[in-house]
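Note that the sequence shown covers residues 591 to 873 in this note's numbering. Here a beta-carbon is modelled for each residue, glycine too, at the ideal position from N, C-alpha and C. Below: the structure, in structure tokens.
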Amino acid sequence: MEAPGTAAAAGRGASEGPDARARPLPPAARPLVVVTGGGSGISSIGRALVLHFASDPSVRRVVTCGRRAEALEATRAASPRRDVITVVRCDIASEEGRRKLLAAVPQDLPLRLLVHNAAIGDPAPLESLAVAHFEESLRVNVVAPLALTQALLPLLRGGGRVLHLGTSVAHTPQRATATYGVTKAAFFRLYQQLNAEGLGVPCGSLSPGLVDTEGVRDHVAKARALDLPHVAFFDRAFEAVGAARIEGGGDSGGDGASKKAAAFLAGRPGGCQEAFLEAIGSL
């Protein structure tokens, strides 16, 4: 149990309990946002989300976490409203790390959005896959989102939302992607389960596509060392956009996809960043 009353809160239906019967609050009256994985490099989705919500005058507190203090502080320093951002260095794969994150979440503010962004999973052929890393990936990609959602249900009820950031790899098996693909498939199934439980807190799943981030570059390097065939897609995509930010979205050869992708995290008008943030805002 992550916090007092957590399990009981998670098991109640949408019509049970005083918090579930509370009058729904509009987003502007829910000034708290929590984003996991908010310090993973200058072009990361987590950092972009933290900065986006911190720029919203109706948001009074954005809480984010990660394993690297320096990267988290860089996220915070990049915001003109850095005073509204709380960064927590912790490992959400552990119960201790999750307790540390939850302790930083203000209990007197209604939660607008909980974003499960943090994820890990190195490529490896199945026969040589490190089971210990697979288990760690399960803890980060599945156990942590479940436990954090349970713990934050009381703050979410009455108008809050949960967002899962997914991936096409969860639905399209490729050689040597078992760790990331299988755990993210379970993560997708968790999103479905959260909606099936009738908790009174809608959960959305959004796959922004393949984005040029630190994690992707690390994956490409490891996949190249293993001589995996899908490296060719990354090479074509990076070449097409001149090492700009990219989005593949499952289309391994589309020039249109590459152009949209380049605009995505580059934030150019007419790109798909606006659509991505609009989708988040509509949850």
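Within the DSSP secondary-structure output, Val705 pairs in a beta bridge with Val625, Leu753.
Per DSSP, Val677 is one residue of the beta strand (DSSP E) stretching across 675-679. Short of 7 angstroms from the beta carbon of Ala693, and not among the five residues preceding or following it, lies no beta carbon of its own chain.
DSSP places Leu796 outside any alpha helix (DSSP H); the residue lies instead in the beta strand (DSSP E), whose first and last residues are 793-796.
Ile710 is the residue among Ile710, Leu753, Thr757 whose C-alpha sits nearest the C-alpha of Arg729. Arg651 counts as buried, since at least 16 other C-beta atoms from the protein chains shown sit within 10 angstroms of its C-beta. Thr773 and Gly750 have their C-alpha atoms some 25 angstroms from each other.
Here DSSP, grouped into helix, strand and coil, assigns Thr767 to coil. Leu716 and Ala766 have their alpha carbons spaced roughly 6 angstroms apart.
Per DSSP, the beta bridge partners of Gly656 are Arg679. Around the beta carbon of Asp673, fewer than 16 other beta carbons lie within 10 angstroms, which makes this residue exposed. Closest in alpha carbon position to Ala737, among His642, Ile682, Ala714, is Ile682. In the structure shown, Arg826 falls within a helical segment according to DSSP collapsed to helix, strand and coil. Excluding sequence positions up to five before and after Leu784, its CB lies within less than 8 angstroms of the CB of Thr739, Val752, Val791, Cys793, all in the same chain and listed in chain order.
A check of alpha carbon separations from Arg747 across Gly771, Leu704, Phe643 identifies Leu704 as the nearest. In the structure shown, Arg620 adopts coil according to DSSP, grouped into three states. Rounded to whole angstroms, the gap between the alpha carbons of Phe643 and Thr654 is 11 angstroms. Apart from sequence neighbours up to five positions away, the residues of its chain that approach His820 with a beta-carbon distance below 6 angstroms are Gln764, ordered along the chain. Judged by DSSP in its simplified three-state form, Arg650 adopts coil rather than helix or strand.
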